[in-house]
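Residue numbers (the working numbering): 13 to 399.
Every residue gets a Cβ at the ideal spot worked out from N, C-alpha and C, and that includes glycine.
A short write-up of the structure that comes next.
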Amino acid sequence: MAAIAGCSGSDGGSGGSDGSSDGGDDSSSDGSSDGGGGSSYDGQELNVLTWGGYEGVSQMVEDMGASTNLKLISSDKEGFNTLQGGGASQFDVLVLDNQWAQRNAKADTIVPLRREEYPAAQEGTIIEKFNWPYQTFGFDGEQWAIAPRWGWEGMGYNDDEVELADLESEGYAAIWDGDYKAMAADAPTSVIPLVMQQIFDLDENPMAIEVSDSRLETLEETLVEMFNSVEAVHQGAAALRQAMLEGNAEIVLGVGNFELSQLAAEGFDWAKVIAPPEAGGWFWTEGLCLVNNPDLNRDLANEFINACLSPEGQRSICWDGESKGAPANTAAFDAFSEEEQKTIMMYKDKGFEAADEILSGLDQYLISPQQEQWTEIWERAKARSDL
């Protein structure tokens, strides 16, 4: 999940790198290696266009005898443009986020999936919210992706310094009410949906609708108030994590379990995330796709996808990186210890058993039809504020 830079970026991606410049183990360079083994895939090659975090699964496929090449992307837009620009003939698998499955399907850069090729889909072990057929990955009556991992966004907080009951009562208004030291991500498409969930009585996902000019004006005034109240805004998740570590921020807006899980993994179990019950939050899902390559090695590509969905693969993509994602396949839950589950979820000291509880209060991340206006409002509010 490219959090701040991707998930919150102008292209509406979410993906599997942190998006911050903190030198994590997800590099932006190509990784390729030759596999050994003695399977039927000896001498075959798989090319994957992906976020970081899939190196372990790549090794699993190499153990079958194939060679794998990972081309890492920093945004969904980059992946889309790569395939549209003639790259489809160079790749077999694409890892993307959310609505980018539909965008790629409409652009004919990926091909439909067949449910019978994926045991996790057939057996119904994918989390119900994401299980086949999953609307976000659907287009023209077909499924174009299957989910390997997900995460959720709301408000991060220091459980040692903040009363959870206060945040549950105040919601995101706690960011601009001044009772706690607050910071925000400099990420309009991440933060604005949360602010809208707080200040408007909406019956729909704020990212799925167009709101009136008067509501956009109210949004801008609220953002000015927020910018006047916070200690700072930061483009990268690393800066927000550091601010929490140094005690300069007790609550942070526009980040979630993926961005803050590094703190929990390093033993700072006071780091938690909340989606206030009255306001809610949003969630993202990655998707595994088959590229519309005329020479697609479908069998080998599906070996990679099914390896991602296996307990071993789920553990690798969700735990091995510095930032932790949540597994989409419930059959893999037991591959994680109770403490590891809590580290990933960052929710009230609960593990994966809380997935349905969390998701029930969240909206699917979408690319807003008013995204350009949101960005303009964000920049105008910053300029008007004392920040």
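Can you tell me the Cα-Cα spacing of residue i and residue j, whole angstroms?
i: residue 261; j: residue 252; result: 8 angstroms
i: residue 309; j: residue 196; result: 44 angstroms
i: residue 55; j: residue 78; result: 6 angstroms
i: residue 62; j: residue 177; result: 40 angstroms
i: residue 88; j: residue 140; result: 25 angstroms
i: residue 314; j: residue 105; result: 9 angstroms
i: residue 373; j: residue 159; result: 20 angstroms
i: residue 99; j: residue 91; result: 9 angstroms
i: residue 156; j: residue 349; result: 32 angstroms
i: residue 388; j: residue 229; result: 12 angstroms
i: residue 377; j: residue 219; result: 7 angstroms
i: residue 82; j: residue 232; result: 42 angstroms
i: residue 297; j: residue 132; result: 16 angstroms
i: residue 126; j: residue 134; result: 10 angstroms
i: residue 269; j: residue 182; result: 20 angstroms
i: residue 289; j: residue 153; result: 34 angstroms
i: residue 382; j: residue 213; result: 18 angstroms
i: residue 311; j: residue 395; result: 53 angstroms
i: residue 397; j: residue 271; result: 27 angstroms
i: residue 299; j: residue 340; result: 10 angstroms
i: residue 366; j: residue 221; result: 29 angstroms
i: residue 250; j: residue 258; result: 12 angstroms
i: residue 278; j: residue 254; result: 13 angstroms
i: residue 244; j: residue 237; result: 13 angstroms
i: residue 57; j: residue 342; result: 30 angstroms
i: residue 36; j: residue 226; result: Any reading at residue 36 must be qualified, since the residue scores a pLDDT of 34, below 50, and its modelled position is unreliable; the value itself is stated next. So the alpha carbons of these two residues sit roughly 42 angstroms apart.
Do residue j and residue i come within 8 angstroms of each other at the CB atom, strictly closer than that value?
i: residue 163; j: residue 319; result: no
i: residue 303; j: residue 121; result: yes
i: residue 113; j: residue 148; result: yes
i: residue 325; j: residue 72; result: yes
i: residue 282; j: residue 171; result: yes
i: residue 263; j: residue 167; result: yes
i: residue 108; j: residue 301; result: yes
i: residue 317; j: residue 161; result: no
i: residue 136; j: residue 143; result: yes
Just to confirm my understanding: we take residue i, look at its own chain, exclude 5 residues before and 5 after, and list those with CB closer than 7 angstroms. What are they?
i: residue 246; result: 195, 197, 198, 252
i: residue 386; result: 200, 201, 204, 380
i: residue 306; result: 101
i: residue 217; result: 375, 376, 378
i: residue 273; result: 335, 336, 355, 356, 358
i: residue 128; result: 134
i: residue 96; result: 119, 121
i: residue 353; result: 363, 364
i: residue 173; result: 262
Give me, in chain order, the residues of the same chain whose beta-carbon lies closer than 6 angstroms to that of residue i; leave out the 5 immediate sequence neighbours on both sides.
i: residue 399; result: 239
i: residue 235; result: 393
i: residue 384; result: none
i: residue 344; result: 323, 326
i: residue 390; result: 200
i: residue 211; result: 234
i: residue 145; result: 155
i: residue 123; result: 302, 304
i: residue 46; result: Its pLDDT being 39, under 50, residue 46 is placed unreliably by the model, and nothing is read from it.
i: residue 60; result: 82, 105
i: residue 103; result: 59, 61, 303
i: residue 347; result: 323, 327
Could you check how far apart the C-beta atoms of residue i and residue j are, in whole angstroms? I think they sit under 8 angstroms.
i: residue 266; j: residue 165; result: 7 angstroms
i: residue 287; j: residue 355; result: That belief does not hold up - the Cβ atoms of residue 287 and residue 355 are roughly 18 angstroms apart, past 8 angstroms.
i: residue 223; j: residue 187; result: With 8 angstroms as the limit, residue 223 and residue 187 do not qualify as a contact, their Cβ atoms being about 20 angstroms apart.
i: residue 321; j: residue 130; result: 7 angstroms
i: residue 284; j: residue 169; result: 6 angstroms
Excluding the 5 residues preceding and the 5 following residue i in the sequence, name in chain order all residues of the same chain whose CB lies nearer than 8 angstroms to its CB.
i: residue 368; result: 139, 140, 141
i: residue 371; result: 139, 141, 164, 295
i: residue 206; result: 165, 166, 167, 184, 265, 266, 291, 293, 294
i: residue 69; result: 316, 319, 320, 325, 328, 329
i: residue 189; result: 182, 241
Unbroken stretches of the beta strand (DSSP E), 3 residues or longer, contained in the stretch 315-395 | Uninterrupted beta strand (DSSP E) stretches at least 3 residues long and entirely within the stretch 315-395 occur at 374-376, given in chain order.
Give, in chain order, every unbroken run of the alpha helix (DSSP H) that is at least 4 residues long and sits entirely within the stretch 47-108.
-> 67-74, 88-96
Note down, one range per segment and in chain order, each beta strand (DSSP E) of at least 3 residues found wholly within the stretch 111-171.
-> 161-170
Complete beta strand (DSSP E) runs within the stretch 176-252 (minimum length 3 residues, chain order) = 194-197, 244-246
If you scan the stretch 243-312 from start to end, which runs of the beta strand (DSSP E) of 3 or more residues do you find wholly inside it?
-> 244-246, 263-268, 283-286, 293-303
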